[in-house]
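Trainee: Residue numbers (the working numbering): 202 to 394.
Cβ coordinates follow ideal geometry from the N, Cα and C atoms, glycine included.
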Ligand code: AP5
């Protein structure tokens, strides 16, 4: 199974991706996690990305596409993966299409977690409180506001992009975590059948 999880910051992409990893033996490809690891280890990519991420803006397309291309070059990863937080611009989606086509890797579905924006600040605040000293630099009200503006302008067009390709499936991300997982599992079962 090869799928994309779409949704605004705090929608539950990471939460659901981790559940899919354990339930379906898929590999989670989270560009946010990859970039945070690069920032922590002080690599050149991390030096470029750190300040951009803290402001709640998107890092350059070329950089994240290179990260994903490297992961998808692994034949085991290509067998089953969840893209979490990638693509998030139409440019990234077009590059991904080319990458997958050139490697003959089919994309099974794009699942959008649909949530009311009003809930997101609470979710992100809760995560920051639970993370304590390891809280993300972008889990502040100011950075979240910026991340939402970026999401609305740059990522929302992907909903139509994938709808037109006939692969979009929307799930109610306002439901409890377990119910969201069940809705995703039932969709995955229906497309496997
Ligand atoms: P990234 O790490 O991708 O962050 P994000 O998209 O903003 O998403 P989050 O991780 O904040 O939220 P989530 O949807 O995963 O929710 P979660 O499951 O954690 O990106 C960070 C930054 O990196 C970007 O701003 C950008 O700078 C850069 N970047 C990354 N990818 C990029 C790309 N492709 N191009 C360019 N730049 C890129 O849940 C959040 C909280 O809510 C948790 O506490 C969870 O327990 C709770 N929760 C989850 N689901 C539910 C539920 N159903 N009910 C109640 N609580 C819930």
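Looking at the structure shown, is residue 357 part of a helix, part of a strand, or coil, going by DSSP?
Mentor: Here the question's residue 357 lines up with position 156 in the chain shown. It is coil, neither helix nor strand.
Trainee: Could you work out which residue in 233, 211, 388 is closest to residue 311 when comparing CA atoms only?
Mentor: Here residue 311 refers to the residue found at position 110 when the chain shown is read from its first residue. Of 233, 211, 388, the residue nearest in Cα terms is 388.
Trainee: Under 8 Å between the Cβ atoms of residue 338 and residue 255?
Mentor: Translated into positions along the chain shown, residue 338 becomes position 137. Translated into positions along the chain shown, residue 255 becomes position 54. Taking 8 Å as the Cβ cut-off, residue 338 and residue 255 qualify as a contacting pair.
Trainee: Taking the straight line between their C-alpha atoms, what separation do you get for residue 222 and residue 283?
Mentor: Mapped onto the chain shown, residue 222 falls at position 21. Mapped onto the chain shown, residue 283 falls at position 82. So the alpha carbons of these two residues sit roughly 8 Å apart.
Trainee: Out of curiosity, what's the CA-to-CA distance linking residue 304 and residue 286?
Mentor: In the chain shown, residue 304 corresponds to position 103, counting from 1. In the chain shown, residue 286 corresponds to position 85, counting from 1. Cα to Cα, residue 304 sits roughly 21 Å from residue 286.
Trainee: Check whether the Cβ of residue 348 lies closer than 8 Å to any Cβ atom in chain C.
Mentor: Reference to chain C is not applicable here, since this structure consists of a single protein chain.
Trainee: Does the distance between the C-beta of residue 258 and the nearest non-hydrogen atom of the ligand AP5 fall short of 7 Å?
Mentor: Translated into positions along the chain shown, residue 258 becomes position 57. Yes, the beta carbon of residue 258 sits closer than 7 Å to at least one heavy atom of the ligand AP5.
Trainee: Verify whether the separation of the beta carbon atoms of residue 266 and residue 293 is less than 8 Å.
Mentor: In the chain shown, counting from the first residue as 1, residue 266 sits at position 65. In the chain shown, counting from the first residue as 1, residue 293 sits at position 92. The answer is yes: Cβ separation under 8 Å.
Trainee: Is the Cβ-Cβ distance between residue 349 and residue 209 less than 8 Å?
Mentor: Sequence index remark: in the chain shown, residue 349 carries index 148 (1-based). Sequence index remark: in the chain shown, residue 209 carries index 8 (1-based). Yes, Cβ-Cβ distance for residue 349 and residue 209 is below 8 Å.
Trainee: In whole angstroms, what separates the C-alpha of residue 276 from that of residue 230?
Mentor: For the purposes of this step, residue 276 is taken as residue 75 along the chain shown, with counting starting at 1. For the purposes of this step, residue 230 is taken as residue 29 along the chain shown, with counting starting at 1. Distance between the alpha carbons of residue 276 and residue 230 is about 14 Å.
Trainee: If you draw a straight line from the C-alpha of residue 308 to the C-alpha of residue 233, how long is it?
Mentor: Here residue 308 is taken as the residue at index 107 of the chain shown, counted from 1. Here residue 233 is taken as the residue at index 32 of the chain shown, counted from 1. If you take the alpha carbons of residue 308 and residue 233, they lie about 21 Å apart.
Trainee: So is the beta-carbon of residue 376 under 7 Å away from any non-hydrogen atom of the ligand AP5?
Mentor: Residue mapping note: residue 376 aligns to position 175 of the chain shown, counting from 1. Yes.
Trainee: Is it buried or exposed for residue 377, if we count other Cβ within 10 angstroms and need 16 for buried?
Mentor: Start at 1 with the first residue of the chain shown, and residue 377 comes out as number 176. Exposed, by the Cβ-count rule.
Trainee: Heavy atom of the ligand AP5 less than 7 Å from the Cβ of residue 301, yes or no?
Mentor: The count along the chain shown starts at 1 and reaches residue 301 at position 100. No, since every heavy atom of the ligand AP5 falls outside the 7 Å radius drawn around the Cβ of residue 301.
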